[in-house]
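Asks: The structure follows.
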Amino acid sequence: MIAIGPVTARTDDGWLLRGEVLAEGPRPVVALLLHAMMASRRSMDKPRGAGLGAALARAGLSVVSLDLRGHGESGPSARDGARYTYDDCVLHDVPTAVALARSLFPGKRVIVVGHSLGAHAALASAGVFPDRAPDAVASIAGNFWFPSDEPSLTRRAAKAATLRTWLGVAEAVGYFDPKPLGLGSDAVALPYIRQFWKVWSSDRYGSVDDRYDYAEALTRVTLPVFAVASEGDKLLAHPESVACFFARIGSPQKRLRIVTNAEHGGRAPDHMGLVTDARSGSIWREIAEWAAGIG
Numbered sequence: 033m034i035a036i037g038p039v040t041a042r043t044d045d046g047w048l049l050r051g052e053v054l055a056e057g058p059r060p061v062v063a064l065l066l067h068a069m070m071a072s073r074r075s076m077d078k079p080r081g082a083g084l085g086a087a088l089a090r091a092g093l094s095v096v097s098l099d100l101r102g103h104g105e106s107g108p109s110a111r112d113g114a115r116y117t118y119d120d121c122v123l124h125d126v127p128t129a130v131a132l133a134r135s136l137f138p139g140k141r142v143i144v145v146g147h148s149l150g151a152h153a154a155l156a157s158a159g160v161f162p163d164r165a166p167d168a169v170a171s172i173a174g175n176f177w178f179p180s181d182e183p184s185l186t187r188r189a190a191k192a193a194t195l196r197t198w199l200g201v202a203e204a205v206g207y208f209d210p211k212p213l214g215l216g217s218d219a220v221a222l223p224y225i226r227q228f229w230k231v232w233s234s235d236r237y238g239s240v241d242d243r244y245d246y247a248e249a250l251t252r253v254t255l256p257v258f259a260v261a262s263e264g265d266k267l268l269a270h271p272e273s274v275a276c277f278f279a280r281i282g283s284p285q286k287r288l289r290i291v292t293n294a295e296h297g298g299r300a301p302d303h304m305g306l307v308t309d310a311r312s313g314s315i316w317r318e319i320a321e322w323a324a325g326i327g
């Protein structure tokens, strides 16, 4: 029996990640929950006991949820001076999280259920480190912002303006804090925002040092992928943008599920709503059924 409760794992660059085992289920699958930027693992089972994590547990999956560096309990926070990049999430946090899940549940298939950052970082990491990858990825609202993957000129302009604002604030105070604007709960470090801007301005989805081309890495992803996007997500991960990102994934075992407005009385869940809105319960069950069927 696995103890339900707190767990920790130290990355190979020394950062202590904190999280918890939410459930031990009878199925041979463990769902590893990885949250979005400006959020924490709390968003992945909200309200606690009645969110995405609980839905996966009810389906018989074991569930592990972790805070990525600088978020939630995996401090210090950017508000306290933490400095980290997107590369740190891709190259260190995700492989460490996958290894932790495997060590907790030996013999079970590890499936990352990632939201936004947790999704695209897991996919990029799987392409860079196939020997340290999970067995599958459920990508909820997973896409990275760069012009080549944004077909709408209107959204492209909005994204550029948004990133300039984030960067300006971060350069002034050392981090971007979304809380006063109601955009999220967790601040993001300046180096992360700088990398976000570099990717956008160069139209190159890759590491800061140019060693890794994450767009190319996506073509080398061979594991099963179940991607979800919502028509209610107007900017952060619009279905058209997600489709462009999804097309880069090399896996022959991939599926894209678009949540439509028609399914939800004209108003589909938004970006955060895909993991926090109870109306997304049917999607959570689809993810659970897909995960349980991974051979």
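Under this note's numbering, residues 33 to 327 are what the sequence shown spells out, in order.
All C-beta atoms, glycine included, are put in the ideal place defined by N, C-alpha and C.
Source: prediction; values computed, not measured.
#1: Just how far apart, CA to CA, sit Ser31 and Ala269?
#2: So, for Asp99: in the same chain, excluding its five sequence neighbours on each side, which residues have a beta-carbon less than 8 Å away from its beta-carbon?
#3: Determine the DSSP secondary structure at Glu321, reduced to helix, strand or coil.
#4: So for Pro145, helix, strand or coil by DSSP?
#5: Under a Cβ-count criterion, where at least 16 other Cβ atoms within 10 Å of its own Cβ denotes burial, should Pro256 be classed as buried or exposed?
#6: Pull up the DSSP beta-bridge partners for Thr40, would you.
#7: Determine the extent of the beta strand (DSSP E) in which Ile34 is found, giving its start and end residues.
#8: For Tyr207, which of helix, strand or coil comes out of DSSP?
#9: If we ignore side chains and look at the alpha-carbon of each, how far apart do Glu56 and Leu93 end up?
#10: What's the gap between the Cα of Leu155 and the Cα of Val169?
#11: Which partner residues does Ala294 have in the DSSP bridge list?
#12: Going by DSSP, what residue range makes up the beta strand (DSSP E) through Ser283?
#13: Does Ser85 come out as helix, strand or coil in the three-state DSSP assignment?
#14: Relative to the C-alpha of Leu64, which residue among Glu295, Gly238, Leu132 is closest?
#15: Give me the Cα-Cα distance between Phe208 and Arg280, rounded to the nearest whole angstrom.
#16: Could you tell me whether the Cβ atoms of Val231 and Trp198 are closer together than 9 Å?
#17: Could you give the DSSP three-state label for Asp242: helix, strand or coil?
#18: Starting from the N-terminal side, write out each stretch of the alpha helix (DSSP H) that is 4 residues or longer and does not extend beyond the segment 97–142.
Replies: Let me lay it out:
#1: Examination of residue 31 is not possible in this model, given that the chain is present from 33 through 327 alone.
#2: Your numbering for residue 99 matches position 67 in the sequence shown. Result list for Asp99: Leu49, Arg50, Gly51, His67, Ser72, Arg73, Glu105, Ser106, in chain order.
#3: In the sequence shown, the residue the question calls residue 321 occupies position 289. Looking at Glu321 - three-state DSSP - the assignment turns out to be helix.
#4: Stepping through the sequence shown from its first residue, residue 145 is reached at position 113. The residue you asked about is not Pro; residue 145 is Val in the sequence shown. If DSSP states are grouped into helix, strand and coil, Val145 belongs with the strands.
#5: The residue labelled residue 256 in the question sits at position 224 within the sequence shown. Buried.
#6: Working through the sequence shown from its first residue, we reach residue 40 at position 8. According to DSSP, which records beta bridges pairwise, Thr40 is partnered with Arg50.
#7: The count along the sequence shown starts at 1 and reaches residue 34 at position 2. No beta strand (DSSP E) holds Ile34; DSSP gives it neither H nor E.
#8: The sequence position of residue 207 within the sequence shown is 175, counting from 1. Here Tyr207 sits in strand by DSSP.
#9: Counted from its first residue, the sequence shown places residue 56 at position 24. Counted from its first residue, the sequence shown places residue 93 at position 61. Cα to Cα, the separation comes out at about 7 Å.
#10: Reading the sequence shown from its first residue, position 123 is the one you call residue 155. Reading the sequence shown from its first residue, position 137 is the one you call residue 169. Going from the Cα of Leu155 to the Cα of Val169 covers about 7 Å.
#11: Within the sequence shown, numbered from 1, the residue matching residue 294 stands at position 262. Answer by DSSP bridge pairing: none, since Ala294 is not bridged.
#12: The residue labelled residue 283 in the question sits at position 251 within the sequence shown. Element bounds for Ser283: n/a, residue is neither H nor E.
#13: Reading the sequence shown from its first residue, position 53 is the one you call residue 85. A small correction: the amino acid at residue 85 is Gly; Ser does not occupy that position in the sequence shown. Helix.
#14: Position 32 of the sequence shown holds residue 64. Selected option, being the one with the closest Cα: Leu132.
#15: By 1-based counting over the sequence shown, the position of residue 208 is 176. By 1-based counting over the sequence shown, the position of residue 280 is 248. Each residue's Cα considered, the two are about 30 Å apart.
#16: Sequence index remark: in the sequence shown, residue 231 carries index 199 (1-based). Sequence index remark: in the sequence shown, residue 198 carries index 166 (1-based). Taking 9 Å as the Cβ cut-off, Val231 and Trp198 do not qualify as a contacting pair.
#17: Against the sequence shown, residue 242 aligns to sequence position 210. The DSSP-derived three-state label of Asp242 is coil.
#18: Taking only runs of at least 4 residues, the alpha helix (DSSP H) segments lying wholly in the segment 97–142 are 126–136.
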